[in-house]
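Chemist: Input: one structure, supplied below.
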Amino acid sequence: MGKLKRTIYVGSMAAAVVVMAVVLWMDKYYLPLSFMMIGLAMLPFFIRFERKSMKAEEILLIAMLGAIAAVSRVPFAPLPSVQPTSFVIMMSALVFGPEVGFLVGSIAAVVSNMFLGQGPWTPWQMFCWGMIGFTAGLLRNTRFMKSLWGKNIFGFSWGFLFGWIMNLWFLIGMYEHLNWKVFASAYVASFYFDLAHALSNVFFISIFSAIWIKILLRVKTKYGLLPSNEK
């Protein structure tokens, strides 16, 4: 009976979300619709994390890594798109796994914007940085990600992917009538900033990845933190 009630509840919630999405789409409220979709995309990660049994030290470690990723962004604010935040998120995911990587990325976006300014871009940044961590964590045991060139290709690629995804909130929020010309002009205009992000990722990975991974692995092994993320 409990399973039936849960199924009915989930089905009702899903139907309500679909109806709301259709209404927002038909009324051309694209920005609220995008927030809802981004929130739904991130929800499974937070639910899974909430259900896990974790030690206080592990929660503290995740919070600390998120804070480091956030604070490291602030001094580089005068340099558009140049920051070590993506690097810190990626290193966290390579050592502790995809779920930790996603959480560190999400925390970094919220905390750093407390200094640099919150806005409609914050949920999108949470998603983008979270997905950098999640995908890095998923690939952490592959030959590709164990090599320096693989890490650099990953970081360079996400420098552009981050910008391309972030362009969507700007286009959806600022333009009522979207067409291919608008999309093309936005992505051409963002090329320099995306390239700066990509190259800064390559710089930080090339110089600091080995020592960061060594330090985080030592912390993980010494204190026995997040062992369930090992495969």
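Heads up, the sequence shown is in our numbering, so the first residue is 1128 and it goes up one at a time.
Where is the CB? At the ideal position from N, CA and C, for every residue including glycine.
1) Consult DSSP for Val1215 and reduce its assignment to one of helix, strand or coil.
2) Does the structure place the region 1217-1230 close enough to the region 1252-1266 that three or more beta carbon pairs sit under 8 Å?
3) Check whether the Cβ atoms of Ser1255 and Ile1292 lie closer than 7 Å to each other.
4) Measuring only the C-alpha atoms, how far is Ile1216 from Tyr1314?
5) Given Phe1283, which residues of its chain have a CB within under 8 Å of its CB, disregarding the five upstream and five downstream residues?
6) Let's test the definition: count the other Cβ atoms within 10 Å of the Cβ of Leu1187 and tell me whether it reaches 16, buried, or not, exposed.
7) Starting from Val1209, follow the alpha helix (DSSP H) in both directions and report where the run begins and ends.
8) Using C-beta distances below 6 Å, list every residue in its chain close to Ile1195, excluding the 5 sequence neighbours before and after it, in chain order.
9) To the nearest angstrom, how far is it from the Cα of Val1209 to the Cα of Glu1184?
10) Is Pro1225 helix, strand or coil by DSSP?
11) Looking at the secondary structure, which residues open and close the alpha helix (DSSP H) in which Gly1193 lies?
12) Starting from Thr1262, trace the alpha helix (DSSP H) in both directions and tell me its first and last residue.
13) Let me confirm a value: Gly1090 is counted as buried when at least 16 other C-beta atoms fall within 10 Å, else exposed. Which label applies?
14) Could you give the DSSP three-state label for Val1137: helix, strand or coil?
15) Quick one: complete alpha helix (DSSP H) runs, 4+ long, within the region 1265-1298?
16) Excluding the 5 residues flanking Val1238 on each side, which residues of the same chain have their C-beta closer than 7 Å to its C-beta?
17) Residues in the same chain with beta-carbon distance under 7 Å from Ala1204, minus the five sequence neighbours each way, listed in chain order, please.
18) Excluding the 5 residues flanking Lys1278 on each side, which residues of the same chain have their C-beta closer than 7 Å to its C-beta?
19) Helix, strand or coil for Leu1151, going by three-state DSSP, please let me know.
Modeler: In short, the structure shows the following:
1) The DSSP-derived three-state label of Val1215 is helix.
2) Contact between the region 1252-1266 and the region 1217-1230 is present, because at least three Cβ pairs lie under 8 Å.
3) Inspection of the sequence shows that residue 1255 is occupied by Cys rather than by Ser. In terms of Cβ geometry, Cys1255 and Ile1292 form a close pair [threshold 7 Å].
4) Near 25 Å, if we compare the C-alpha coordinates of Tyr1314 and Ile1216.
5) Cβ-Cβ distances below 8 Å link Phe1283 to Ala1325, Leu1326, Asn1328 and Val1329 in the same chain, with the five nearest sequence neighbours on each side left out; the list follows chain order.
6) Its Cβ having fewer than 16 others within 10 Å, Leu1187 is exposed.
7) Here Val1209 belongs to no alpha helix (DSSP H), and DSSP marks it neither H nor E.
8) The answer, listed in chain order, is Val1215.
9) Cα to Cα, the separation comes out at about 31 Å.
10) Per DSSP, reduced to three states, the secondary structure at Pro1225 is helical.
11) For Gly1193, the uninterrupted alpha helix (DSSP H) run begins and ends at Ala1183 to Val1198, by DSSP.
12) Per DSSP, Thr1262 belongs to the alpha helix (DSSP H) from Thr1249 to Leu1265.
13) A question about residue 1090 goes unanswered here, because the residues of the chain that appear run from 1128 up to 1358.
14) The predicted position of Val1137 is uncertain, since its pLDDT is 47 and thus under 50; a value taken from the coordinates is nonetheless stated next. The answer is helix: DSSP assigns Val1137 an H, G or I state.
15) Runs of the alpha helix (DSSP H) lying entirely within the region 1265-1298, each at least 4 residues long, are 1270-1273 in chain order.
16) Once the five neighbours on either side are set aside, the close Cβ partners of Val1238 are Gly1193, Ala1194 and Ala1197.
17) Scanning its chain for C-beta atoms nearer than 7 Å, with the 5 sequence neighbours on each side dropped, one finds around Ala1204 the residues Leu1243, in chain order.
18) Only Met1272, Ile1332 and Ser1336 meet the Cβ criterion.
19) Annotation note: pLDDT 49 at Leu1151 (below 50); position unreliable, coordinate value reported separately. Leu1151 sits in a helix when the DSSP states are folded into three classes.
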